[in-house]
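Structure, as structure tokens:
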Amino acid sequence: MSTNYKAGPLTESQIETYYREGYLVAQGLVLDSRLDSVTQEARKVQPAPGGKWTPRIFDHAHPAADAALHQLLCDDRVVGAVEQIFENPARVYYGMLAVVPARGGIGLPWHQDNQYSHILGRALNVFIALADIGPDQAILWVAPKTHLGGVQLAKSRDDGHREAVVEPANGFALPGLKKGDAVIFDRSTYHRSLKNETDVNRYAYAAQYHDDAAREAETGKKDPLRMRARNLATMMSR
Numbered sequence: 003m004s005t006n007y008k009a010g011p012l013t014e015s016q017i018e019t020y021y022r023e024g025y026l027v028a029q030g031l032v033l034d035s036r037l038d039s040v041t042q043e044a045r046k047v048q049p050a051p052g053g054k055w056t057p058r059i060f061d062h063a064h065p066a067a068d069a070a071l072h073q074l075l076c077d078d079r080v081v082g083a084v085e086q087i088f089e090n091p092a093r094v095y096y097g098m099l100a101v102v103p104a105r106g107g108i109g110l111p112w113h114q115d116n117q118y119s120h121i122l123g124r125a126l127n128v129f130i131a132l133a134d135i136g137p138d139q140a141i142l143w144v145a146p147k148t149h150l151g152g153v154q155l156a157k158s159r160d161d162g163h164r165e166a167v168v169e170p171a172n173g174f175a176l177p178g179l180k181k182g183d184a185v186i187f188d189r190s191t192y193h194r195s196l197k198n199e200t201d202v203n204r205y206a207y208a209a210q211y212h213d214d215a216a217r218e219a220e221t222g223k224k225d226p227l228r229m230r231a232r233n234l235a236t237m238m239s240r
């Protein structure tokens with residue numbers, strides 16, 4: 003049976019924005035009923051105030067591990083939006099809870115996800131607000147249309163992260179995100195987050211996908227561990 007990729011939660015106008023600008027904001031993409039259990043697990047991560055951002059990463063080799071935390075990877079509305087953009091089945095590339103500590107916690111500098119590992123083909127990141135994120139709470143910044151320039155030069159930092167050699171000139175901070183809002187952006191779109199200047203930890207989830215035909219630039223191969231998103235729910239329940 004073929005899948006109707008037009009039946010997802012996005013409008014054609016939103017999809018056009020994604021391809022033109024390299025990102026889109028999908029308000030209320032994830033429903034509260036799905037977020038509540040994820041947020042409950044996420045709040046168990048309580049990093050020290052003022053420190054660096056703290057991740058909890060999905061393990062492809064053990065998909066049932068921390069399933070309650072990573073269940074957004076197979077959320078029907080998230081996957082539906084991604085497959086509308088791809089017009090093809092989506093495979094889970096990466097999943098990560100990202101907590102930026104309160105009172106000066108530090109996010110990440112300007113970078114492209116494809117500067118870490120280069121995916122050839124359609125690939126994107128869905129940044130999901132697990133709670134309201136204000137402008138002073140390490141809000142996400144994006145640089146429109148930078149995906150059109152492909153993968154740019156990056157430098158490696160001592161902590162293993164990548165940083166743009168030349169920062170984009172047109173980057174801007176999103177005004178804020180409500181719980182359940184999502185920012186969907188291409189893996190070659192520049193983005194960053196600064197400090198969390200509030201007294202509340204910033205909780206977000208980053209779900210990354212590539213389409214069924216995409217391959218890794220370094221090897222030219224498909225990674226057999228990257229399963230289709232719609233099959234992941236079954237694997238998580240085992």
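Just so we're aligned: the sequence shown equals residues 3 to 240 in the working numbering. Glycine residues also receive a C-beta, built at the ideal position from the N, C-alpha and C atoms.
Cutoff 7 Å; reference residue i; Cβ partners in own chain excluding five residues on either side
i, result
"G52", "P103, R105, G106, G107"
"A235", "C76"
"V47", "T56, R58, L99, V101"
Collapsed DSSP secondary structure at residue i in the structure displayed
i, result
"L150", "helix"
"H193", "strand"
"Q86", "helix"
"K8", "helix"
"D61", "coil"
"E169", "coil"
"E18", "helix"
"A69", "helix"
From the options, residue whose alpha carbon lies closest to that of residue i
i, options, result
"H64", "A44, R79, L227, T41", "L227"
"V168", "P177, K224, I121, P111", "P111"
"T128", "Y20, G136, N172, P137", "The residue you asked about is not Thr; residue 128 is Val in the sequence shown. It is Y20 whose Cα lies nearest to the Cα of V128."
"Y96", "G123, Q114, I135, H62", "H62"
"D213", "P49, A50, R93", "R93"
"R194", "R217, R164, T41, K180", "R164"
"M237", "Q29, A9, A69, H120", "A69"
Beta-ladder partner(s) of residue i, from DSSP
i, result
"T13", "Partner(s): none; T13 has no beta bridge."
Proximity test, residue i beta-carbon vs the ligand FAD heavy atom, cut-off 7 Å
i, result
"R45", "Inclusion of the ligand FAD in the displayed structure is not the case, the ligand content being empty and no account of it being possible."
Sequence-distant residues of the same chain with beta carbon closer than 6 Å to residue i, five excluded per side
i, result
"M3", "Here M3 scores only 42 on pLDDT, less than 50, and its place in the model is too uncertain to base an answer on."
Task: Those runs of the alpha helix (DSSP H) which lie wholly inside the stretch 197-238 and span at least 4 residues - done: 231-238
Open item on the list: I'd like the ranges of any beta strand (DSSP E) spanning at least 3 consecutive residues and lying wholly in the stretch 120-150.
Closed with: 125-131, 142-144
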